[in-house]
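Here the structure comes first, spelled out in structure tokens, and everything after it is commentary.
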Amino acid sequence: MTPLKKNPITRDSSSVAQNVKSPNTSPQPQVQANSPSVAPSPKPPAAIKDANTTISLVGTGNSYSKIEGPIDPEFKSKRQITGTYQGIKVWGPVDPPGQLGIWGTEVTVDFDICVADGACIEACPVNVFEWLDTPGHPASEK
Numbered sequence: 267m268t269p270l271k272k273n274p275i276t277r278d279s280s281s282v283a284q285n286v287k288s289p290n291t292s293p294q295p296q297v298q299a300n301s302p303s304v305a306p307s308p309k310p311p312a313a314i315k316d317a318n319t320t321i322s323l324v325g326t327g328n329s330y331s332k333i334e335g336p337i338d339p340e341f342k343s344k345r346q347i348t349g350t351y352q353g354i355k356v357w358g359p360v361d362p363p364g365q366l367g368i369w370g371t372e373v374t375v376d377f378d379i380c381v382a383d384g385a386c387i388e389a390c391p392v393n394v395f396e397w398l399d400t401p402g403h404p405a406s407e408k
């Protein structure tokens, strides 16, 4: 899995504290008469094709060559947008799962130099990255 996040999630410690029960209280079962049964909804696939996603993370690309960083600051003038993933612009070339390109506009991730160690997730002060499963890519197997 590799890191990426479009919309950061912040957690409020007060909401977590409200959900913690005191050890001396025992839960009382509540039964409602004539309540309809609700079937759990199935989990969506990892990558849903929609208007905000025009590329796939799976394919037959086998170029896994390691490119040294950092991200080229001029990549927007040297590369073209090849598609989007959940609304995030992806700058090519892209040949999944080997070549995944550079993702993002303001905050970017070059998946061709990403080592998938989670350092960007830990270092980011505003929580913009998350793990992204890229099936078939060696970095996803870590």
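In the numbering used here, the protein residues as written are 267 to 408. Cβ coordinates follow ideal geometry from the N, Cα and C atoms, glycine included.
Residue i at chain D interface by Cβ criterion, 7 Å
| i | result |
| --- | --- |
| L366 | Of the protein chains in the structure, only one exists, and it is not chain D. |
Straight-line gap, residue i to residue j (C-alpha atoms, nearest Å)
| i | j | result |
| --- | --- | --- |
| V282 | P339 | With a pLDDT of 42 at V282, under the threshold of 50, the modelled position of this residue cannot be trusted; read the value that follows with caution. Using only the alpha carbons, I get a separation of about 40 Å. |
| P363 | D383 | 18 Å |
| V392 | C386 | 11 Å |
| P310 | D361 | Reliability fails at P310, whose pLDDT of 37 lies under 50, so the model's placement of it is uncertain and the value that follows must be treated cautiously. Using only the alpha carbons, I get a separation of about 24 Å. |
| K342 | V356 | 10 Å |
| S390 | E396 | Here residue 390 turns out to be Cys, not Ser, going by the sequence shown. Taking the straight line from one Cα to the other gives about 10 Å. |
| E388 | G335 | 19 Å |
Residue range of the unbroken alpha helix (DSSP H) whose run includes residue i
| i | result |
| --- | --- |
| I387 | A385 to A389 |
| S343 | F341 to K344 |
Proximity of residue i and residue j at Cβ, strictly below 7 Å
| i | j | result |
| --- | --- | --- |
| Q365 | N318 | no |
| G367 | I354 | no |
| V394 | V381 | no |
| D376 | I347 | no |
| G349 | I379 | no |
| G358 | R345 | yes |
| P401 | V324 | yes |
In DSSP terms, what residue i is bridged to
| i | result |
| --- | --- |
| T350 | K355 |
| V375 | W369 |
| D338 | Looking at the DSSP assignment, D338 forms no beta bridge with any residue, so it has no partner. |
| G327 | P363 |
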